[in-house]
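Line by line, the protein sequences give chains W and S. Those letters in the first sequence? Residues 50 to 407, by my numbering. Those letters in the second sequence? Residues 30 to 316, by my numbering. Just below is one structure, and these are the notes that go with it.
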Amino acid sequence: MAKITLSKLRHSYIPNPTSPDDYALKEIDLDWSDGGAYALLGPSGCGKSTLLNIISGLLVPSEGQVLFDDKDVTALPPDKRNIAQVFQFPVIYDTMTVFDNLAFPLRNRGVDEAQVAARVTEIATMLEVTDLLGAKAAGLSPDNKQKISMGRGLVRDDVNVVMFDEPLTVIDPHLKWKLRSKLKELHQKVRATMIYVTHDQTEALTFADQVVVMQDGEVVQIGTPVELFERPAHTFVGHFIGSPGMNVLDADIRDGGAFLGGHHVALEGAITAQDGTPQIGIRPEFVRISDAGLPATVRKVSDIGRHSVVEAMVGDTAVKAITDGVVPEQGAAVHLQFQQNQTRLYCGGWLATTGAAS
Amino acid sequence: MKTQYQKAWFFVLPVLLLVAFNALIPMMTVVNYSVQETFGNNVFFWEGLRWFEELLNSDRFHAALGRQFLFTGLILLIEVPLGIIIALSMPRKGPWVPVCLVLMALPMLIPWNVVGAMWNIFTLPDIGLLGYLMNTTLGIDYDMTQSPFAAWATIITMDVWHWTSLVVLLSYAGLVSIPDAYYQAAKIDGASPFKVFRYIQLPKMKQVLTIAILLRFMDSFNIYTEVFVLTGGGPGNSTTLLSIDLVKIALGQFDLGPAAAMSLIYFAITLLVSWLFYTLMTKDDAK
Chain W
50 MAKITLSKLR
60 HSYIPNPTSP
70 DDYALKEIDL
80 DWSDGGAYAL
90 LGPSGCGKST
100 LLNIISGLLV
110 PSEGQVLFDD
120 KDVTALPPDK
130 RNIAQVFQFP
140 VIYDTMTVFD
150 NLAFPLRNRG
160 VDEAQVAARV
170 TEIATMLEVT
180 DLLGAKAAGL
190 SPDNKQKISM
200 GRGLVRDDVN
210 VVMFDEPLTV
220 IDPHLKWKLR
230 SKLKELHQKV
240 RATMIYVTHD
250 QTEALTFADQ
260 VVVMQDGEVV
270 QIGTPVELFE
280 RPAHTFVGHF
290 IGSPGMNVLD
300 ADIRDGGAFL
310 GGHHVALEGA
320 ITAQDGTPQI
330 GIRPEFVRIS
340 DAGLPATVRK
350 VSDIGRHSVV
360 EAMVGDTAVK
370 AITDGVVPEQ
380 GAAVHLQFQQ
390 NQTRLYCGGW
400 LATTGAAS
Chain S
30 MKTQYQKAWF
40 FVLPVLLLVA
50 FNALIPMMTV
60 VNYSVQETFG
70 NNVFFWEGLR
80 WFEELLNSDR
90 FHAALGRQFL
100 FTGLILLIEV
110 PLGIIIALSM
120 PRKGPWVPVC
130 LVLMALPMLI
140 PWNVVGAMWN
150 IFTLPDIGLL
160 GYLMNTTLGI
170 DYDMTQSPFA
180 AWATIITMDV
190 WHWTSLVVLL
200 SYAGLVSIPD
210 AYYQAAKIDG
220 ASPFKVFRYI
230 QLPKMKQVLT
240 IAILLRFMDS
250 FNIYTEVFVL
260 TGGGPGNSTT
270 LLSIDLVKIA
280 LGQFDLGPAA
290 AMSLIYFAIT
300 LLVSWLFYTL
310 MTKDDAK
């Protein structure tokens, strides 16, 4: 188990990168403490798998260093780094039994049989696959195969970090939920540093203590799930996390205040920057339909189960609101109220207001 | 099980007719010959199982069958491991892939009698490149028209040259279907190259290898053209394989009855061994 430091990491798949666009990863500095549960969240192609492969040693970065407990491991191959990785599609040694699969990483390292048996039994109990130990791995269901892949990562007690590369992609939805909570439980038991790569916000938010949101090869924000939800540092995070995502509304700044379609909107705090396009960001959860406030026309109402999402037009701008109560009719004239301490200003995509003094 | 839709039988009919005309009916004429004696003019005499009994007790048949099994055994022992080794050392990505594939496919594109003729000329001691090189330059006595050992070495080498590619291409197809994640996981699990082969590559190649071994068995067991053109079964009878002996009996001696009986036994052995191979190699999958 180890602390992981990424220092000035850059990577390009092109031999001689010139512009920043040639880099799949642009300058990453990160510190991950020992025993933490981290998630790398971002859309497909944002560089999260590249970053993961650099940490595991399958890829050598173009620039920068990877440190495990302040020891430089940038040039070390995967088997010298003491890491474990679980892949998108379960990797199983088909001809072996489940027991032999789990024992494989230990036996390759010359661990004696008694200890192998003890360790495998322990992990199998944790994963609840004890009754499958004697079965041929080839015949297992996808979720059990993925459990075995995870087990092979967890079976070594000297791993520095266990990495998960979208491990639930091929799992049925109802089992996804089970495996996800299983993972969380495992992390609490083994206390190994774990990094979980996904483009699914639910997976990231339920698994991790700290989520790293990436976009176009850059880290956009690092924070706890609550921080990411409540105070996105970038409109991308606001969009990407939440369902539906944050309302990002083009605004004007006049006399130190923000205006939406000519109406003044009260912000959470003082404006700190003004370069780039100003936009107001507010989550649909904090938009209320009421008698006073911004005048709007309801364009669409969608029922998403416990709540309804109301899409209303303020001038030319669509604003989404989540409501529980009585839902207005399509075409109805309503008024929207933004909860002030949740209303933020973004300039050029980045957060540009100070937090509400609370 | 109750069949609901009896009309389905009509869809099988074309295939049934096709098989009947290209396999069953010709085969039945052979069966017809195998139990009779003929001296031409469409005059037949009933002989029952006499040809079968004579053949199964004949030393000549035993010798040819022995040579046939030796040939096929050697072919499989050399071509399968060699094919796997070549497939493993071929690049899996990049510009050299098509080059390798075309190079591998080339020998298989050459007509069989041309292969025989090529190797015949190639190995002649006086004018052949290989024959001249061996005898004159290296001073090794090598003449496949005189020495049975040289003749055997030549037919084996020829077949390896001609057909190893089949094993290579099939194994290669199995290898490229393995996702990168398997190799990455094996690296992380600390598996040695041998273990990667044993637990990842070999299992993934198993199905195509089954096909490769079956095809190589059947083709080499039924080989005729190349060996006939190269050695004609000689020197002496040393390379008279089953098929060559069969043609000698049928067309050389015009003993149609015994030849027909031999064909049937030949066919039965091919079928039986193929079935054995297949059953043995797929018995794990059934579980």
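For every residue, glycine included, the Cβ atom is placed at its ideal position computed from N, Cα and C. Values in this document were obtained by computation on a predicted structure and should not be read as measured data.
{"Asked": "For Leu235 of chain W, which residues in the same chain have their Cβ closer than 7 Å to its Cβ, ignoring the five residues on either side in sequence?", "Found": "Met175, Leu203"}
{"Asked": "Please report the Cβ distance between Val336 of chain W and Phe387 of chain W, rounded to the nearest whole angstrom; I am assuming they are in contact, meaning their Cβ atoms lie under 8 Å.", "Found": "6 Å"}
{"Asked": "With C-beta atoms as the reference, is Val205 of chain S less than 8 Å away from Met133 of chain S?", "Found": "no"}
{"Asked": "Are Ile302 of chain W and Leu101 of chain W touching if we call contact CB-CB under 8 Å?", "Found": "no"}
{"Asked": "Note down the Cα distance separating Gln114 of chain W from Val135 of chain W, rounded to an integer number of angstroms.", "Found": "23 Å"}
{"Asked": "With a threshold of 7 Å on Cβ separation, who are the neighbours of Leu277 of chain W within its own chain once the five nearest residues in sequence on each side are excluded?", "Found": "Val260, Val262, Gln270, Val286, Ile290"}
{"Asked": "To the nearest angstrom, how far is the alpha carbon of Ile145 of chain S from that of Arg121 of chain S?", "Found": "It is Gly, not Ile, that sits at residue 145 of chain S in the sequence shown. Taking the straight line from one Cα to the other gives about 33 Å."}
{"Asked": "If you compare alpha carbons, which of S:Ala210, S:Thr67, S:Thr193 is closest to Leu103 of chain S?", "Found": "S:Thr193"}
{"Asked": "Could you check whether Asp128 of chain W and Ile217 of chain S sit closer than 8 Å to each other, using their CB atoms as the reference points?", "Found": "yes"}
{"Asked": "In chain W, what lies closer than 7 Å to Asp188 of chain S by C-beta?", "Found": "Result: empty, since nearest Cβ-Cβ is about 31 Å, beyond 7 Å."}
{"Asked": "May I ask you to list the residues that DSSP assigns as paired with Tyr395 of chain W?", "Found": "W:Gln328, W:Leu400"}
{"Asked": "Quick one: does Val140 of chain W have its CB under 8 Å from some CB of chain S?", "Found": "yes"}
{"Asked": "Would a check of beta-carbon distances place Thr321 of chain W closer than 8 Å to chain S?", "Found": "no"}
{"Asked": "What does DSSP give as the partner residue(s) for Leu74 of chain W in the beta ladder?", "Found": "W:His60"}
{"Asked": "Show which residues of chain W have a CB atom less than 8 Å away from the CB atom of Lys216 of chain S.", "Found": "Leu107, Pro126, Pro127, Asp128"}
{"Asked": "By DSSP, does Ser303 of chain S sit in helix, in strand, or in coil?", "Found": "helix"}
{"Asked": "Does the segment 337-357 of chain W come close enough to the segment 380-398 of chain W that 3 or more CB-CB pairs lie under 8 Å?", "Found": "yes"}
{"Asked": "Within 8 Å of any Cβ in chain W, is that where the Cβ of Gly219 of chain S sits?", "Found": "yes"}
{"Asked": "Work out the CA separation of Thr54 of chain W and Asp119 of chain W for me, nearest whole Å.", "Found": "7 Å"}
{"Asked": "Looking only at its chain, what residues have a beta carbon closer than 7 Å to the beta carbon of Leu232 of chain W, apart from the 5 residues adjacent to it on each side?", "Found": "Phe256"}
{"Asked": "Can you look up Ile320 of chain W in the DSSP assignment and give me helix, strand or coil?", "Found": "strand"}
{"Asked": "Between which two residues does the alpha helix (DSSP H) containing Ile353 of chain W stretch?", "Found": "That residue, Ile353 of chain W, is in no alpha helix (DSSP H); it is neither H nor E in DSSP."}
{"Asked": "Could you have a look at Pro344 of chain W and say whether DSSP puts it in helix, strand or coil?", "Found": "strand"}
{"Asked": "Please check if any C-beta of chain S sits within less than 8 Å of the C-beta of Met199 of chain W.", "Found": "no"}
{"Asked": "When you compare the segment 392-402 of chain W with the segment 313-322 of chain W, are there three or more beta-carbon pairs, one atom per stretch, that lie closer than 8 Å?", "Found": "yes"}
{"Asked": "Helix, strand or coil: how does DSSP classify Thr366 of chain W here?", "Found": "strand"}
{"Asked": "Thinking C-alpha only, which one of S:Ser249, S:Phe98, S:Ser267 is nearest Glu108 of chain S?", "Found": "S:Ser249"}
{"Asked": "Measuring straight from C-alpha to C-alpha, what distance separates Asp240 of chain W and His191 of chain S?", "Found": "Sequence inspection shows Arg at residue 240 of chain W; the Asp mentioned does not correspond to that position. Arg240 of chain W and His191 of chain S: Cα-Cα distance of roughly 59 Å."}
{"Asked": "Could you tell me whether any Cβ in chain S is nearer than 8 Å to the Cβ of Ala361 of chain W?", "Found": "no"}
{"Asked": "Does the separation of the CB atoms of Val246 of chain W and Ser93 of chain W fall below 8 Å?", "Found": "no"}
{"Asked": "Quick check: what's the CA-CA separation for Leu285 of chain S versus Met57 of chain S?", "Found": "14 Å"}
{"Asked": "Which same chain residues end up closer than 6 Å to Ser292 of chain S when comparing Cβ atoms and leaving out the 5 residues on each side of it in sequence?", "Found": "Val59"}
{"Asked": "Helix, strand or coil: how does DSSP classify Lys185 of chain W here?", "Found": "strand"}
{"Asked": "Give me the residue from W:Asn193, W:Ala253, W:Gln237, W:Asn209 with the minimum Cα distance to Leu224 of chain W.", "Found": "W:Asn193"}
{"Asked": "Check each candidate in S:Ile229, S:Lys235, S:Gly219 and name the one with the smallest Cα separation from Ile132 of chain W.", "Found": "S:Gly219"}
{"Asked": "Exposed or buried, Ala289 of chain S, counting other C-beta atoms within 10 Å across all chains shown (16 or more means buried)?", "Found": "buried"}
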